Every structure is written in C-alpha cells, then in structure tokens.
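Asks: Mind having a look at this structure? Questions to follow.
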C-alpha cells in the first residue's frame with residue numbers, strides 16, 4: 001500500500017520541507033522521518049496532528065535509514081554530499097537542488113509532462129526549478145498540438161523561492177522599502193536562474209534545440225511565482241484552441257487573471273490565463289501563469305514523482 | 319526668463335501633482351498656482367519652503383487664470399472637461415491623461431525622443447503613459463542605429479501608477495497579503511494599459527506599423543516601474559554596441575541591475591541594464607529597465623515639454 005512507504009524528508013525545517021511534510025501528512029503516509037542539518041537536529045516539526053523529532057542528515061544516517069524514498073529540499077552542495085549516501089542505502093532520492101538536474105542518466109521530471117521518464121532512474125530523480133515546472137506544464141499541451149519554435153519568459157518570483165530567511169527579510173521591511181530584486185548568481189550575461197529555466201525546459205520537453213530566453217526578477221510577494229510567456233508555435237494555434245488544450249491538461253487550471261495569491265489558494269495547480277495572440281509573431285501567443293512555488297513548484301511535484309514510482313513499483317534503479 | 323513663466327498645476331494634490339510641485343519649486347519657478355477638485359479646494363500644498371492654497375479647478379477658473387502653461391495630472395474625464403477651457407484661455411495644456419494622446423494634431427512627446435514634435439501643437443501636448451516614456455527612451459537609440467522590427471514588453475508597475483489611494487491600500491496590507499494585481503480596464507483580450515503602450519510607442523517613434531506586444535502587471539512596490547523588453551532590430555546590433563548607444567542617450571543611465579528603488583533615487587533618468595542577446599531571435603536583444611513613474615515617467619516629462627516650449631517661444635498654437 002502506498003501509505004506504507006517509508007519516506008525520509010531531508011531539509012524538513014525549510015520552506016519546502018515544511019510544505020512537503022504537510023502534504024505527506026494529508027495524504028496519509030505513516031512512516032515519515034524528518035532530517036535536517038545539525039543546527040536543527042533534535043527540534044521537532046509538525047506532521048499533521050503529530051510532531052516528528054528532526055534527525056541530523058549525515059551520509060551515515062541516510063544510508064542506514066532503510067527508507068524507500070528520500071525527498072531532498074536542501075542546497076546544491078548538501079545534495080551532492082547526501083544524495084549518493086541515500087542511494088547507496090537502497091532508496092530512491094528525489095532531489096530538488098540543481099545538483100543533478102542536467103546530469104545524464106538522471107530523469108528530470110514533471111509527472112504530467114514526462115512522467116514516463118521517471119522510471120528510467122538510476123537511483124536519482126531530479127525535481128525541476130520552481131519556474132520550469134509551471135512553464136513546462138503550460139508549454140506541453142501547446143507542443144503536442146502545434147510544435148514549439150521559441151519561448152520567451154519574464155518571471156515574477158516570490159521571496160519564498162530564496163528560502164525562509166528571505167521571507168523573514170521581506171516581512172521585516174517597511175512598505176516604503178519594497179523593491180524588485182535581482183539577487184541571482186550569474187556567470188556572464190545570464191543569471192543562473194535563467195540558464196536553469198532554459199536548459200531544464202529543453203531537457204523536460206526533449207527539445208534540446210528549443211530557443212528559450214528567460215528574464216528573472218524577484219518581486220516582494222511571499223509565496224507564488226508568476227510568468228509572462230511569449231511562445232511561438234510551429235503551426236498556427238488560435239488562442240481559443242490553446243485555451244481548450246490547456247483546460248484539458250491535467251496540471252493546468254484556466255483562470256482569467258492568474259496571481260500568486262490565487263495560485264497559493266489552489267496550490268496543486270498551475271493557473272494559466274490571458275491567453276491571446278502575440279501581434280508581433282505569425283504563430284505567436286502570449287499568456288500569463290502563476291503557481292505555488294513551494295507546492296506544485298517544489299514539494300508536490302517531488303511527491304508526485306515518488307507516488308508515480310511507488311505505483312509502478314519502480315523504486316529499484318533501472 | 320524661464321522662471322517668470324506662469325504655470326498652473328491641475329491635480330496638484332495627487333501623487334503626480336505633488337511631485338510636479340516639488341520639481342517646479344526646485345527649478346525656481348515663481349508664479350505657480352495649484353488647482354484641484356472641489357474636495358481639495360481651500361487646502362494647502364507644499365511649494366518648496368512655501369505653501370500654495372489649492373484653487374478649485376473649474377473650466378471658468380482655468381480659462382480666466384492667464385497662465386502660460388497648465389500641467390494636467392487628472393483623470394481622463396476631468397481632462398476632457400478642463401483642458402479645452404485652459405486652451406481657450408490662451409495657455410498651452412500639457413496633459414498626462416490618455417484623453418488626447420492619440421488624437422490627430424496633438425503631439426505625444428518624450429523630449430529626448432521626439433521633442434521637435436512639441437512645437438507643432440495646437441494648444442495641447444500630450445504626456446505619454448508612464449511605461450511608454452521609459453520604453454521609448456530605451457528603444458530610440460536602438461532604432462536610430464539598427465531599425466526596430468518588433469518589441470515585446472513585460473511590465474512590473476508600482477502601485478503609485480494607480481494613484482495615491484492605491485498606495486495607501488498597499489501600505490495598509492500585511493506582508494502576507496502582498497500580491498500581483500491585474501486591475502486594468504480591458505476591452506477584449508488586451509488591457510487598456512497594454513493598448514496604450516502599443517499605440518503610444520508607435521506614435522512617438524513614428525513607426526505606426528511597429529509590432530508591439532505588452533503584458534502589464536502591477537507589483538507590490540510603491541513607486542517605480544520596471545520592464546523586461548525583448549526587442550528585435552532590423553540590422554544586427556551587438557549587445558556591447560547597444561550599451562554604448564544607450565549610455566550616450568540623454569535620457570538613459572546604464573545600471574547593472576536596474577530596480578524601482580534605484581530609479582526613484584535617481585528620479586530623472588531611465589535606468590537600463592542587463593542588455594544581452596536574445597538567443598531566440600537572429601537580431602534580438604533583451605534588456606531590463608526601471609524608471610520613477612511619478613518623476614521622469616510623468617511629472618518631469620511634462621515639465622521638460624513645458625521648458626522646451628518656453629525655450630523655443632512656442633507657447634502659441636502652431
């Protein structure tokens with residue numbers, strides 16, 4: 001039975017980790033353990049009506065944990081240290097960091113888009129960037145119907161995407177100080193966040209040559225990411241047809257004016273709206289989307305991957 | 319002498335009106351009168367170290383005011399009622415509303431872009447939308463060097479663009495409630511704000527066929543608008559060349575990471591940065607800009623139009 005699965009949540013005290021525990025508790029999982037860094041070890045975290053004592057996430061502890069699945073929501077360097085230990089202990093690691101997303105042999109999965117790829121894992125399945133997940137959910141139905149020629153995306157990303165400390169920093173600001181932020185790492189002209197959206201979208205959609213241009217901005221909103229997307233398709237696609245395709249997609253809800261707050265209120269869906277013709281391109285469409293970056297954009301997507309593997313009894317490496 | 323000009327500020331108690339008075343006082347104008355609706359008449363507004371008693375803006379009062387120039391920052395319906403009275407009293411009306419922007423015979427002016435058009439007025443000069451002003455300031459130097467083929471713009475607009483009441487509404491919100499807003503009027507699929515950006519950009523740049531696609535979003539920032547711009551030029555333009563052209567432009571300051579707060583700190587300039595190649599288009603560039611929407615995006619642009627007319631002794635209708 002699904003709820004019998006033994007699940008380890010690593011990074012359990014972070015913003016995504018807490019949402020992960022809430023979702024797992026709501027889905028009835030009974031054998032869940034919480035792991036975090038030494039700093040949080042010994043504290044307790046809510047798990048539905050119960051609480052879990054946080055264990056220290058060391059390679060030894062994860063290797064010995066006898067779990068079926070680990071859900072990792074930690075930084076890239078922590079993932080690099082801990083994920084191999086979890087895998088060598090016999091578990092599947094579903095990793096939210098960018099450490100393994102582009103690695104050969106590691107499926108990068110949005111279940112509604114390329115779920116079949118998940119079973120091809122060799123112990124690790126990567127969970128995409130929180131902007132890439134909703135973007136590919138919106139692009140996939142259009143790709144299937146008309147092919148994709150090029151994608152431009154301007155992001156409006158919430159502070160929670162930068163972790164719980166950034167949320168506290170926003171809460172501490174006066175309204176006069178609210179500003180747009182561009183505190184991303186960069187190498188050359190592109191932010192690493194923009195590169196992730198480009199390369200991950202290409203990998204998930206299996207269109208390695210798809211031209212993607214992203215511009216990433218963080219906005220003073222606590223939770224919920226939004227994106228303006230210009231997409232050019234190979235074949236002409238009327239906006240009303242695109243809306244029908246999106247409405248029929250399992251990950252998407254059509255919404256007249258998507259916003260982060262609306263996305264958080266319905267955390268498991270990608271809200272897509274304002275689908276209209278791009279007057280600048282022959283086969284162009286413009287749309288606006290919003291998604292709860294902690295939920296479908298992170299924790300839920302990882303749980304959906306885990307459940308897909310559990311259902312297909314695909315926990316052993318391929 | 320310029321500072322001898324008799325100037326009436328209509329809408330003096332609003333967000334743009336207050337900035338207008340501050341700028342006029344700083345520039346040494348001595349004969350300034352403040353007008354507003356009956357609700358504010360009799361109150362006083364700061365004018366440098368002095369204060370001005372607010373007069374009621376009726377058609378009769380404006381017609382009899384014997385002013386050289388009126389700077390209007392009122393709603394469209396108030397402008398429709400009051401601007402003709404100001405003009406029939408012999409003044410030039412510089413109007414910030416959208417009432418006259420697209421009218422034949424009314425110049426729509428960004429002084430650094432198409433200042434020469436201002437003198438062709440017939441009593442009214444229109445001040446463009448607060449997103450159009452910085453957009454055309456950034457596009458103009460690229461147009462001159464390489465021609466423009468198409469423009470896509472995603473806006474991040476501050477609450478002050480919706481007036482002082484919207485700023486108060488934002489200030490009253492808890493941080494948990496901060497959200498992106500799309501409270502624009504719309505007719506069909508396009509918001510009126512998006513239509514303004516499209517049609518005004520075409521008029522100012524005198525490129526009536528230029529394809530422009532705008533997507534407008536209001537962000538929880540008090541003052542300062544930002545825009546992500548994808549621009550395709552007719553001829554290829556290297557990003558470093560585009561940066562040189564922008565740096566040499568009178569309205570633009572290059573800034574590595576423009577933001578609303580930085581734009582407000584330097585209110586008279588359009589900050590442009592992140593100029594890079596758009597990997598999805600042969601001759602495409604991406605850039606990010608920010609501008610103080612109350613200052614260069616509104617009040618200052620109007621004052622610059624007035625000063626241009628004063629310098630060229632072009633206050634009489636052409």
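Protein chains in written order, with this note's numbering: chain A, 1 to 318; chain B, 319 to 636.
Glycine included, every Cβ here is placed at the ideal spot set by N, Cα and C.
This structure is a prediction, so every number in the text was calculated from the model and none was measured.
#1: Tell me the residue span of the alpha helix (DSSP H) that contains residue 166 of chain A.
#2: What are the residues in the stretch 503-514 of chain B lying within 8 angstroms of chain A by C-beta distance?
#3: Contact check, residue 237 of chain A vs residue 145 of chain A under 8 angstroms by CB: the rounded distance?
#4: Which same chain residues, not among the five before or five after residue 472 of chain B, have their C-beta less than 6 angstroms away from its C-beta?
#5: Of all the residues that make up the stretch 283-317 of chain A, which are near chain B by a beta-carbon distance shorter than 7 angstroms?
#6: If contact is defined by three or more beta carbon pairs under 8 angstroms, each pair taking one atom from either stretch, is the stretch 274-290 of chain A in contact with the stretch 158-178 of chain A?
#7: Return the CA-CA distance between residue 64 of chain A and residue 58 of chain A, expressed in angstroms with no decimal places.
#8: Does DSSP put residue 454 of chain B in a helix, in a strand, or in coil?
#9: Name, in chain order, the residues that DSSP records as bridge partners for residue 412 of chain B.
#10: Should residue 182 of chain A and residue 606 of chain B be called a contact, given that it needs their Cβ atoms to be closer than 9 angstroms?
#11: Output the boundary residues of the alpha helix (DSSP H) element that contains residue 183 of chain A.
#12: For residue 201 of chain A, report the span of its alpha helix (DSSP H) as first-last.
#13: Do you know whose CA, among A:316, A:298, A:312, lies nearest residue 21 of chain A's CA?
#14: Would you report the Cα separation of residue 530 of chain B and residue 279 of chain A, rounded to the nearest angstrom?
#15: Using a Cβ-Cβ distance under 9 angstroms, would residue 173 of chain A count as near chain B?
#16: Does the distance from the CB of residue 474 of chain B to the CB of residue 219 of chain A come in under 9 angstroms?
#17: Measure the C-alpha to C-alpha separation of residue 423 of chain B and residue 296 of chain A and round it to an integer number of angstroms.
#18: Would you list the residues sitting across from residue 284 of chain A in a DSSP beta bridge?
#19: On a CA-only basis, which of A:124, A:37, A:135, A:8 is nearest residue 293 of chain A? Give me that one, please.
#20: Among A:93, A:224, A:3, A:40, which one has its Cα closest to the Cα of residue 494 of chain B?
#21: Once the 5 residues before and after residue 29 of chain A are set aside, which same chain residues still bring their CB inside 7 angstroms of it?
#22: What does residue 484 of chain B touch in chain A if you count any residue whose Cβ is under 8 angstroms from its own?
#23: For a cutoff of 9 angstroms on Cβ pairs, would you count residue 481 of chain B as touching chain A?
#24: Ends of the alpha helix (DSSP H) at residue 60 of chain A?
#25: Nearest-angstrom Cα distance between residue 191 of chain A and residue 311 of chain A?
#26: In chain A, which residues lie less than 9 angstroms from residue 294 of chain B when you measure between Cβ atoms?
#27: Please classify residue 55 of chain A: is it buried, with 16 or more other beta-carbons within 10 angstroms of its beta-carbon, or exposed?
Replies: According to the data block:
#1: 164-172
#2: 507, 508
#3: 6 angstroms
#4: 533, 546
#5: 286, 288
#6: Touching, no.
#7: Near 10 angstroms, if we compare the C-alpha coordinates of residue 58 of chain A and residue 64 of chain A.
#8: helix
#9: DSSP lists B:389, B:443 as partners of residue 412 of chain B.
#10: yes
#11: For residue 183 of chain A, no alpha helix (DSSP H) segment is defined, and its DSSP state is neither H nor E.
#12: 192-205
#13: A:298
#14: 7 angstroms
#15: Yes, because at least one Cβ of chain B sits closer than 9 angstroms to the Cβ of residue 173 of chain A.
#16: Yes, these two residues count as a Cβ contact at 9 angstroms.
#17: 53 angstroms
#18: A:232
#19: Ranking A:124, A:37, A:135, A:8 by Cα distance to residue 293 of chain A puts A:135 first.
#20: A:224
#21: Excluding five sequence positions before and after residue 29 of chain A, the CB atoms of its chain that fall closer than 7 angstroms to its own CB belong to 3, 5, 7, given in chain order.
#22: Those within 8 angstroms of residue 484 of chain B in chain A number zero; the least Cβ separation is about 12 angstroms.
#23: no
#24: 59-63
#25: 38 angstroms
#26: The structure shown does not extend to residue 294 of chain B, since chain B is modelled only from 319 through 636, so no value can be given for it.
#27: With a threshold of 16 other beta carbon atoms within 10 Å, residue 55 of chain A meets it and is buried.
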